[in-house]
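Quick note on this note's numbering: the sequence shown kicks off at 36 and runs consecutively. C-beta: ideal position from N, C-alpha, C; glycine also. Just so we're clear, the structure is a prediction, and the values are computed from it rather than from any experiment. Data block below; observations after.
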Amino acid sequence: MKSQDIRKQFLQFFADRGHLIVPSAPIVTKDDPTLMFNNSGMAQFKEYFLGNATPKSKRIADTQKCLRVSGKHNDLEDVGFDTYHHTMFEMLGNWSFGDYFKKEAINWAWELLTEVYKVPKDIIYVSVFEGSPEENVPFDQEAYDIWKELIDEDRIILGNKKDNFWEMGDQGPCGPCSEIHVDIRSADEKALISGKSLVNNDHPQVVEIWNNVFMEFNRKADRSLEKLPAQHVDTGMGFERLCMVLQGVQSNYDTDVFTPLIEKIESLTGKKYTIKAANDEEEKINIAIRVVADHVRAVAFAIADGQLPSNGGAGYVIRRILRRAIRYGFTFLDIKEPFINELVGVLAAQMGEFFPEIKSQQSLVTNVIREEEASFLRTLDQGLQLLDNVIAQTQGNEVSGAKAFELYDTFGFPEDLTALILKEKGLDYNKEEFDFELLKQKTRSRAASEVAKDDWVILVEGNTESFVGYDQLENEVKIT
Ligand code: ATP
Ligand code: MG
Ligand code: MG
Ligand code: MG
Numbered sequence: 036m037k038s039q040d041i042r043k044q045f046l047q048f049f050a051d052r053g054h055l056i057v058p059s060a061p062i063v064t065k066d067d068p069t070l071m072f073n074n075s076g077m078a079q080f081k082e083y084f085l086g087n088a089t090p091k092s093k094r095i096a097d098t099q100k101c102l103r104v105s106g107k108h109n110d111l112e113d114v115g116f117d118t119y120h121h122t123m124f125e126m127l128g129n130w131s132f133g134d135y136f137k138k139e140a141i142n143w144a145w146e147l148l149t150e151v152y153k154v155p156k157d158i159i160y161v162s163v164f165e166g167s168p169e170e171n172v173p174f175d176q177e178a179y180d181i182w183k184e185l186i187d188e189d190r191i192i193l194g195n196k197k198d199n200f201w202e203m204g205d206q207g208p209c210g211p212c213s214e215i216h217v218d219i220r221s222a223d224e225k226a227l228i229s230g231k232s233l234v235n236n237d238h239p240q241v242v243e244i245w246n247n248v249f250m251e252f253n254r255k256a257d258r259s260l261e262k263l264p265a266q267h268v269d270t271g272m273g274f275e276r277l278c279m280v281l282q283g284v285q286s287n288y289d290t291d292v293f294t295p296l297i298e299k300i301e302s303l304t305g306k307k308y309t310i311k312a313a314n315d316e317e318e319k320i321n322i323a324i325r326v327v328a329d330h331v332r333a334v335a336f337a338i339a340d341g342q343l344p345s346n347g348g349a350g351y352v353i354r355r356i357l358r359r360a361i362r363y364g365f366t367f368l369d370i371k372e373p374f375i376n377e378l379v380g381v382l383a384a385q386m387g388e389f390f391p392e393i394k395s396q397q398s399l400v401t402n403v404i405r406e407e408e409a410s411f412l413r414t415l416d417q418g419l420q421l422l423d424n425v426i427a428q429t430q431g432n433e434v435s436g437a438k439a440f441e442l443y444d445t446f447g448f449p450e451d452l453t454a455l456i457l458k459e460k461g462l463d464y465n466k467e468e469f470d471f472e473l474l475k476q477k478t479r480s481r482a483a484s485e486v487a488k489d490d491w492v493i494l495v496e497g498n499t500e501s502f503v504g505y506d507q508l509e510n511e512v513k514i515t
């Protein structure tokens, strides 16, 4: 089944069950000063959960363009290295705002997966919240009993607070989650080790596809829980992972969401993407191709939604993503000229029907990416010359770590590139010294920032509670 049809079927299934289908919110949040990018389907609906606004319908479904590159959800460093985390991905979701609850949500999820999409039942595992007495949260017996009617009890996993309990922050709506995982390994591999033990264990073929959150409680200031007067359902299913399962492949990059991009990268670079790399050299090329195919989507959709690369805030995050792709192309695909911009046409042809913005903005997106590529490639070029000078001044075969760090810190010249170039010349650099300088720099910037921990931050002043945001910016916390 083509990805286009997989998306349509999801939306049709929930439309048939009384859901209003709404468009994706832009990838860049417009009116939330505390959230840089939409990182989940529910972000655009948060005011409904807080009771500050009324939804057009009590049942809504959509596919949301998500970006997980900052704040609480930051998957950037995994992208390219694994085959199921992306920077930009689509999250299919259905919501109940004070309408249906666990019974309908779980039964529909099961019906859609096993009857419409025909996912074999014996590759599915589900998880249910085990409870946490010290946090006053009970075991989710209700979800367990609903699942028990549908799936062999041996396939129900009890999950901990980290994976199976969702809360906005220290206070406010919260509740248990029930996740659906699939085991798409070969029979031989399954015989060696059970899929159950691999759930939530970073196995590339035993992956979480769908999270069902049941907003059941309100957490009060004294940490006690009360039942919410109106209970909500918030679900999110990774579209690319679903396509992997339904298309019978072992990696998101082997689905038709990615293959047209990968084929174009192959033809532009002359490098070959291999489904299973035979050696380190091939694996490096694979990683680089995955990075480029992934990142061009994030950058193109962000620009189409109005976020140009720049030197600060969200624009800087976008610039860094693009530079990461350029760097992988430069280092591992041997491409010294702009080429990523040429993928925009492929993306527009493939995604334009459902997301018309990528088609209507195609030439702007292409031009912006081409300019960014050209300018960063110049920086890389200058960095190479500087590195040559450093090498010329070096005695012995080890370059100073502080010098390598200066190249990185002041000129944006990446550490792995320095390492690679030095290696080619039979040289090395002092890694300990480099790491020490990096640590010093991180300590400096950490002092000026805080790490986002929660989805939601509620400021309590006296007796008044005011919602201050859904997430915190990467390097600046804005609580006003
Ligand atoms: P994981 O444990 O795999 O990192 P998650 O628990 O962080 O996923 P949720 O926040 O529950 O993910 O999001 C709902 C769904 O979105 C997940 O079940 C998964 O299918 C999908 N998803 C999450 N992060 C990514 C990502 N970086 N790329 C692609 N799909 C993702
Ligand atoms: Mg995650
Ligand atoms: Mg998870
Ligand atoms: Mg999850």
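Asked: T515 to L412, Cα distance in whole Å?; Found: Residue placement at T515 cannot be trusted, given a pLDDT of 22 that sits under 50; what the coordinates show is reported in the next sentence. Computed Cα separation, rounded: 40 Å.
Asked: Can you check whether the CB of V63 is closer than 8 Å to the CB of G436?; Found: no
Asked: Looking only at its chain, what residues have a beta carbon closer than 8 Å to the beta carbon of Y119, apart from the 5 residues adjacent to it on each side?; Found: P239, V242, G273, E275, R276, M279, S286 and N287
Asked: With 16 as the cutoff for other CB atoms within 10 Å, does T401 come out buried or exposed?; Found: buried
Asked: Excluding sequence positions up to five away, which residues of its chain have a Cβ less than 8 Å from the Cβ of L442?; Found: G418, L421, L422, V425, F448 and T453
Asked: May I have a chain-ordered list of the beta strand (DSSP E) segments no shorter than 3 residues that lie completely inside the region 155 to 205?; Found: 159 to 164, 191 to 194 and 200 to 202
Asked: In whole angstroms, what separates the C-alpha of I300 from that of E261?; Found: 54 Å
Asked: Taking 7 Å as the cut-off, is the beta-carbon of E243 closer than that to any non-hydrogen atom of ligand 3?; Found: yes
Asked: Can you look up H120 in the DSSP assignment and give me helix, strand or coil?; Found: coil
Asked: Is H54 helix, strand or coil when you go by DSSP?; Found: coil
Asked: Kindly indicate which three-state DSSP category R220 falls into: helix, strand or coil?; Found: coil
Asked: From the DSSP output, read off the bridge partner residues of D66.; Found: In the DSSP output, where bridge partners are listed per residue, D66 has none listed.
Asked: Take V284 as the anchor and find which of A96, G230, Q176 and I310 has the nearest alpha-carbon.; Found: I310
Asked: From what residue to what residue does the alpha helix (DSSP H) around A454 run?; Found: E450 to E459
Asked: Which residue comes first and which comes last in the beta strand (DSSP E) that contains V248?; Found: V241 to R254
Asked: Pull up the distance between the alpha-carbon of A439 and that of G115, whole angstroms please.; Found: 25 Å
Asked: Got a sec? Which residues, its chain only, sit under 8 Å from N171 by beta carbon, not counting five neighbours each side?; Found: R258, S259 and L260
Asked: On the three-state DSSP scale, how would you describe V334?; Found: helix
Asked: Just to confirm, are N73 and Q79 a CB contact at a threshold of 8 Å?; Found: yes
Asked: How many whole angstroms separate the CB atoms of W130 and D269, which I take to be in contact at a CB cut-off of 8 Å?; Found: 6 Å
Asked: Return yes when the C-beta of N246 is under 7 Å from any heavy atom of ligand 6, and no when it is not.; Found: Ligand 6 is absent from the structure shown, which contains only ligand 1, ligand 2, ligand 3 and ligand 4.
Asked: Which residue wins for smallest C-alpha separation from V379, given the options V331, P391, E408 and D369?; Found: V331
Asked: Taking its Cβ as the centre, do 16 or more other Cβ atoms sit within 10 Å of V2, making it buried, or is it exposed?; Found: Given a span of 36 to 515 for the chain in the structure shown, any question on residue 2 remains unanswerable.
Asked: Is G273 near ligand 1, in the sense that its beta carbon is under 7 Å from a heavy atom of that ligand?; Found: yes
Asked: To test your reading of the DSSP string, which unbroken alpha helix (DSSP H) runs of 4 or more residues are found completely within the region 281 to 305?; Found: 294 to 304
Asked: Does the region 381 to 399 come close enough to the region 313 to 326 to have 3 or more Cβ pairs within less than 8 Å?; Found: no
Asked: If you reduce the DSSP assignment to three classes, tell me which class F39 lands in.; Found: For the record, residue 39 in the displayed sequence is Gln; it is not Phe. Three-state DSSP puts Q39 in a helix.
Asked: Please classify V151: is it buried, with 16 or more other beta-carbons within 10 angstroms of its beta-carbon, or exposed?; Found: exposed
Asked: Take the Cβ of S345 as the centre, count every other Cβ of all protein chains shown within 10 Å, and call the residue buried at 16 or more, exposed below.; Found: exposed
Asked: Classify M68: buried if its beta carbon has 16 or more other beta carbons within 10 angstroms, exposed otherwise.; Found: The question names Met, but residue 68 in the sequence shown is Pro. With fewer than 16 Cβ atoms within 10 Å of its Cβ, P68 is classed as exposed.
Asked: State yes or no: is the C-beta of E202 nearer than 7 Å to some heavy atom of ligand 4?; Found: no
Asked: Using 7 Å as the cut-off, classify the Cβ of D110 as near or not near the heavy atoms of ligand 3, replying yes or no.; Found: no
Asked: Note down the Cα distance separating I370 from D223, rounded to an integer number of angstroms.; Found: 40 Å
Asked: Give a yes or no on whether the C-beta atoms belonging to P208 and L263 are separated by under 8 Å.; Found: yes
Asked: With a threshold of 7 Å, establish whether the CB of E214 neighbours any heavy atom of ligand 4.; Found: yes
Asked: DSSP state of D444, grouped into three classes?; Found: helix
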